[in-house]
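This report concerns only the one structure given below.
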Amino acid sequence: MRLISISLALMGLLIQQSSAVTWYFLQWYTPTTSAQFQSFSMQMVAPNLQQPGVYYLWPGLQDNSLTGVYQEVLDGGSGEWWIGPGCNPSLAWGSGFNVPNQDAVQISMTRNADGINWTSNLTMGSSFVSNSFPLAYKNFNQALLAIELYDLTWDFGKLVFNNVVMVVNTTATAWCTSQTPAISIPEAY
Numbered sequence: 009m010r011l012i013s014i015s016l017a018l019m020g021l022l023i024q025q026s027s028a029v030t031w032y033f034l035q036w037y038t039p040t041t042s043a044q045f046q047s048f049s050m051q052m053v054a055p056n057l058q059q060p061g062v063y064y065l066w067p068g069l070q071d072n073s074l075t076g077v078y079q080e081v082l083d084g085g086s087g088e089w090w091i092g093p094g095c096n097p098s099l100a101w102g103s104g105f106n107v108p109n110q111d112a113v114q115i116s117m118t119r120n121a122d123g124i125n126w127t128s129n130l131t132m133g134s135s136f137v138s139n140s141f142p143l144a145y146k147n148f149n150q151a152l153l154a155i156e157l158y159d160l161t162w163d164f165g166k167l168v169f170n171n172v173v174m175v176v177n178t179t180a181t182a183w184c185t186s187q188t189p190a191i192s193i194p195e196a197y
């Protein structure tokens, strides 16, 4: 009986598909962990999707406890771009819409005045969605512009973000004006 269990476990490991993920980031950190983002907005231009695949292109905010990223994800899995907000891993994804190649989406993530919720607004022409997430427990001290590629290469050309605006509850400015953002281009794993 024991031998069968071990064989099944080994077979299960062999059947599991290995996935190589490559990440690219631009990151900005607030000057202290008590300084928090109040809003993060930009325009993102959808690049030319070459093929269906697990492409995740997104702006997002990370909290200082590393409990999940609040993000607006441009997803190429269906063969056309789709964008929607979410905060993985614990909250459901919000509503979104399809984005044609080279169309621009206006994105805003804003802490509500009530201090309890964050609101995501996505606008592209006449398409508009707004979603609210109860994220008051998160102290967002890191902004990211990211590309995640699962078993794919970067085959879509430039990813363009325009008019990036970050609002943080601090009077310090050096963290965003005189400093080059951290750039991370790790190896696939």
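Take any residue in the sequence shown, note its place counting from 1, add 8, and you have its number in the numbering used here. Where is the CB? At the ideal position from N, CA and C, for every residue including glycine. Just so it is clear, the structure is predicted and the values come from calculations on it, not from any experiment.
{"Query": "Please return the same chain residues whose Cβ sits closer than 7 Å to the Cβ of asparagine 120, not counting the five positions on each side in sequence.", "Result": "Trp126 and Thr127"}
{"Query": "Verify whether the separation of the beta carbon atoms of leucine 153 and leucine 34 is less than 8 Å.", "Result": "yes"}
{"Query": "For tryptophan 126, does the three-state DSSP call read helix, strand or coil?", "Result": "strand"}
{"Query": "Should valine 81 go down as buried or exposed, given a rule of 16 or more other Cβ atoms within 10 Å for buried?", "Result": "buried"}
{"Query": "So, is isoleucine 91 buried or exposed, given that buried needs 16 or more other C-beta atoms within 10 angstroms?", "Result": "buried"}
{"Query": "By the 10 Å Cβ neighbour count, where 16 or more other Cβ atoms means buried, how is phenylalanine 141 classified, buried or exposed?", "Result": "buried"}
{"Query": "Kindly list the residues whose CB is nearer than 6 Å to the CB of threonine 181, restricted to its own chain and excluding five residues on each side of it in sequence; keep chain order.", "Result": "none"}
{"Query": "Taking only three categories from DSSP, how would you classify alanine 182?", "Result": "helix"}
{"Query": "Have a look at threonine 179 and glutamine 58 and give me their C-alpha separation to the nearest angstrom.", "Result": "43 Å"}
{"Query": "Select from Lys146, Ile124 and Ile115 the residue whose C-alpha is nearest the C-alpha of threonine 131.", "Result": "Ile115"}
{"Query": "Quick one, which of Asn106, Met117 and Val137 has its alpha-carbon nearest glycine 68's?", "Result": "Met117"}
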